[in-house]
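Residue 1 is where the sequence shown starts when you use the working numbering, and the numbers rise one by one after that. Here is the structure we will look at.
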Amino acid sequence: RQAWDEFPHIHTAMRCILFKGAMRVDVWRVLLLYKYGGVYSDIDIWPTDAFDETTIPADVSAFFLVDPFNRPSQWFMAAGPRHPVMYLSMREIVEAVMKIE
Numbered sequence: 001r002q003a004w005d006e007f008p009h010i011h012t013a014m015r016c017i018l019f020k021g022a023m024r025v026d027v028w029r030v031l032l033l034y035k036y037g038g039v040y041s042d043i044d045i046w047p048t049d050a051f052d053e054t055t056i057p058a059d060v061s062a063f064f065l066v067d068p069f070n071r072p073s074q075w076f077m078a079a080g081p082r083h084p085v086m087y088l089s090m091r092e093i094v095e096a097v098m099k100i101e
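Here it is, written out as structure tokens:
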């Protein structure tokens with residue numbers, strides 16, 4: 001059992017969604033990107049010709065596509081380890097999951 005000092009209620013939150021597979025994967029994805037950093041892309045997403053080595057500048061620590069509501073997408077995201085956006089995303093996720101009845 002992994003200790004997540006930054007997210008003290010993560011284990012309780014995960015029990016709230018024990019049988020909600022897709023939601024568990026969404027939480028896991030953000031948690032892993034927070035801890036290790038990296039790039040995540042859904043398997044059915046691929047770059048267009050406009051996406052090349054200049055799309056994400058070298059001095060950018062995180063990159064997100066946005067959904068129609070201007071929120072970071074679930075289907076493509078990249079961030080450095082312990083990035084503040086991923087931290088705040090996890091806090092929001094845990095808080096929202098704890099409210100599920």
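The beta carbon of each residue, even a glycine, is placed where N, CA and C say it ideally should be.
Three-state class that DSSP yields for residue 84 in the structure shown:
helix
For residue 77, which beta-bridge partners are listed by DSSP?
40 and 64
Own chain partners of residue 42 with C-beta closer than 6 angstroms, once the 5 adjacent residues on each side are dropped:
75
Could you check whether residue 77 and residue 33 sit closer than 8 angstroms to each other, using their CB atoms as the reference points?
The answer is yes: Cβ separation under 8 angstroms.
Environment of residue 60 [buried if 16+ CB atoms lie within 10 Å]:
exposed
Spatial neighbours of residue 26 within its chain, please: C-beta separation below 8 angstroms, excluding the five flanking residues on both sides.
Contacts found: 74 and 93.
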